[in-house]
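Report on one structure; see the data block that follows.
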Amino acid sequence: MLDLHLYQSLGEALRAALDKWPNEICLIEADRDRENHRLTYAQFRDMALPFARALQDSGFQPGSRAAILMTNQSKWLISAYAIFYCGGILVPIDYKLTAAEQLQILARCKAEVLIVEHHLWRALVQVKDAPQSEVTTALVIEAPADAAMVGAKRWEEFQSPAKPVFATRRLKDPACIVYSSGTGGRPKGCVLTHENYLEQCIALTSLFPFWPGVRYLSILPTNHAIDFMVGFIGPFVCGATVVHLRTLRPEYVREAFSKYKITYVTLVPLVLKNLERGLRERFDALPKTKRRILDWLIDLNRSLTRKKPRLGVSRKLLGSVHKPFGGELRAIFVGGAFTEPATLQFFYDLGIPVGNGYGCTEAGTVITLNDFHPFRADTVGKPLPGVEVSVINADADGIGEIKVRGKTVMSHYLDDPEMTAETIVAGSLMTGDLGRFDSTGHLQLFGRKKNMIVTEEGKNIYPEDVETVFEGLPVKEFCVFAANYLWPARTMVGEKLVIVLRPEEGQPFATAARANLEERNRRLVNYKRIHGYLLWERDFPRTAAMKIKRGVLAEEIRAAMPRTAVASL
Amino acid sequence: MPTTPTIEQTVEQVLALASAHFKVPRAELSPDDDFFKKLGISSLQVLDLLTRVESHFGIELPDYELQGVSDFRTLAQRIQARL
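These protein sequence lines map, in sequence, to chains A and B.
Each residue of the first sequence is one higher than the one before, counting from 227 in the working numbering.
Each residue of the second sequence is one higher than the one before, counting from 635 in the working numbering.
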């Protein structure tokens, strides 16, 4: 791989990679049984540079911001490289958000350029009363010939033959502004520097190296910090290949493993558990004798891999299990949310190590990672090289808030000095997560201090953000909480939201009101829905400005009612 | 020449496919049901249904067409637009 210590910016490192491996394949883009693109590093460069020059001709300068709103595909990475080549700041926007949410981020980040896939563009232009953005150039990908462009240009036609000018950047300059959900519908823009990314990449590749020939299957959205690092920067600076699938239906994903001989992939816990379920069903369907042999082989593999993974041995012993994964899979990474130890152990025993870890966008993605020496399903691994992690204000059990310090910690939240000051204290990132180190230096997680949940799909949900939909409920007042915030459970599994309802005096919460609550709940996307409700007979404590004192209310509820008082919806 | 089915027919066919795929009696499903709740499935399992839908109707339905859709009727409308 490249020696990343030699470079000052992502643009510089990527440029060196494109020059170093001109004939290696960097990108494969498949759509069902078709292959849309198979690009070498040289072809990638030849597609990116005319685009970069056109950006420069349109007035895009070093320090200018460009947003990308796209599903995973080759043009995402080509556009990103062009932005870095021009010295621009990239703002990846989550394509799974609603159009209104995307427009809100677009307005906040002050991007001048928007690069967007056609179906997402179509949704954006339909939003009424959109907030004012500073976008002067909108470039739409794959717009049909008869599409209404509404002032936008076609990405495919946006190129200039002249050579673009490479813009140098310094380590501390911002590279990306990555938005994660925040309270009160206020997305937080994490400003990550070139140094943040380069240091993170050095640390990750020291544990899990890539090289030419390695194929990474990019499934998590590239706008997410994990895929941006592991499905773009990491493979590219090592001359490896990224495989994109335009449809993520389970059967096409399964097929891709063997078709493209995938080496690494990252999944969210939900998908990993789905894979586990499928394998368990397959095992259960085996005739008794075959099943007994399989169980014996799994036991044998477990004892042979106790100290470290032995891929060659596992593939020989459990060939029938490894074959559907293509036979070349070295590890699955899991990220975005907490994964149950039993699931991790299940795969490890089959000879498929799952690299579980812990991280957040504010810390440049990964903070701790399991290094498999030995594998520990009950922890989230050790701190990455160069990342200092400590537990502060620990209780009698050694559990306290996780604090992170190092070159991977973000610079600040965009235009939010108050939140930055709350989150980065004396140069350390206060994560709001609770953990404990064991005697071998592995970190274990025990829930959160924060009133929020993370779903198995890796979605961060803040209670305040779902409350709007319940405005108008026939109750005196209401408030949404993370159940584990009301009743700390020392776990990060199965996190749920509950709504606390204060009925009007003398008006019991009747069937009609419950139906009303259920109807409103259905308006939310499935992963944001509340799980149950709790009836509360006292007025909520409020500030002078009439804001609910959530912390105080939570304490009152905790003291008066058990978790079992929640009625399921 | 085959004629395009009406939206009602498409809804009916989607319900029949979901009933067969997830092994839920057809009589228990209605067009406006929230399929996540009714079938007790995840967003991933819904993607499985799309393949059945594609081969049944002979269309290609990009994954994004399912974004924000949680009831059978809306899914049928998305299919109808591509018939």
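Beta carbons are placed, not taken as given, at the ideal position from N, Cα and C, and that holds for glycine.
is_contact[residue i, chain B] using C-beta, thresh 8 Å
i	result
R334 of chain A	no
K322 of chain A	yes
Interface residues of chain A facing residue i [CB-CB closer than 7 Å]
i	result
L678 of chain B	P476, L496, V497, N500
C-beta neighbour in chain A for residue i, strict 8 Å
i	result
L700 of chain B	no
S689 of chain B	no
S664 of chain B	no
T638 of chain B	no
L681 of chain B	yes
D667 of chain B	no
L717 of chain B	no
L684 of chain B	yes
F670 of chain B	yes
Where residue i meets chain A, residues with beta-carbon distance less than 8 Å
i	result
P696 of chain B	H345, R472, T473
Identity of the residues DSSP links to residue i by a beta bridge
i	result
V468 of chain A	A:L253, A:Y442
P609 of chain A	A:T594
N262 of chain A	According to DSSP, which records beta bridges pairwise, N262 of chain A is partnered with nothing at all.
N686 of chain A	A:V680
E343 of chain A	A:I367
H638 of chain A	A:V417
L760 of chain A	A:V726
R380 of chain A	A:V366
T646 of chain A	T646 of chain A pairs with nothing; no bridge assigned.
T492 of chain A	A:F559
P318 of chain A	A:I294
S194 of chain A	What the structure shows of chain A is the stretch from 227 to 795, and residue 194 of chain A is not part of that stretch, so it cannot be assessed.
A356 of chain A	A356 of chain A is not bridged to any residue.
Span of the alpha helix (DSSP H) around residue i
i	result
Y753 of chain A	Y753 of chain A -> no alpha helix (DSSP H), and no H or E assigned at all.
G626 of chain A	Counting along the chain, G626 of chain A falls outside any alpha helix (DSSP H), though it belongs to the beta strand (DSSP E) covering 626-632.
H420 of chain A	420-433
S654 of chain A	That residue, S654 of chain A, is in no alpha helix (DSSP H); its beta strand (DSSP E) goes 654-663.
V497 of chain A	495-510
L523 of chain A	514-530
A293 of chain A	No alpha helix (DSSP H) holds A293 of chain A; the beta strand (DSSP E) holding it covers 291-295.
F670 of chain B	669-673
A226 of chain A	Nothing can be reported for residue 226 of chain A, as the shown portion of chain A is limited to 227 through 795.
Neighbouring residues, chain B, relative to residue i (Cβ below 7 Å)
i	result
K608 of chain A	Neighbours of K608 of chain A on chain B: none; closest Cβ ~31 Å, over 7 Å.
Contact list for residue i against chain B, beta-carbon separation under 8 Å
i	result
T297 of chain A	D697, Y698
Boundaries of the beta strand (DSSP E) in which residue i is found, first to last residue
i	result
C312 of chain A	Looking at the DSSP string, C312 of chain A is not in any beta strand (DSSP E), and its letter there is neither H nor E.
A401 of chain A	400-406
T640 of chain B	Where T640 of chain B is concerned, there is no enclosing beta strand (DSSP E), given that its DSSP letter is neither H nor E.
Y584 of chain A	580-586
R712 of chain B	Counting along the chain, R712 of chain B falls outside any beta strand (DSSP E), though it belongs to the alpha helix (DSSP H) covering 706-714.
I796 of chain A	Residue numbering for chain A in the displayed model covers 227 to 795; residue 796 of chain A lies beyond these limits and cannot be assessed.
F704 of chain A	703-708
R728 of chain A	723-728
F672 of chain A	669-674
Point to revise | Contact residues within the region 722-752 of chain A, judged by C-beta distance below 8 Å to chain B | key: R748, V751, N752
Point to revise | Short-range partners of chain B found in the region 683-716 of chain A, where Cβ spacing is below 9 Å | key: E683
Practice item. Note down, in chain order, all residues in the region 703-715 of chain B with a beta-carbon under 8 Å from any beta-carbon belonging to chain A. Key: S704
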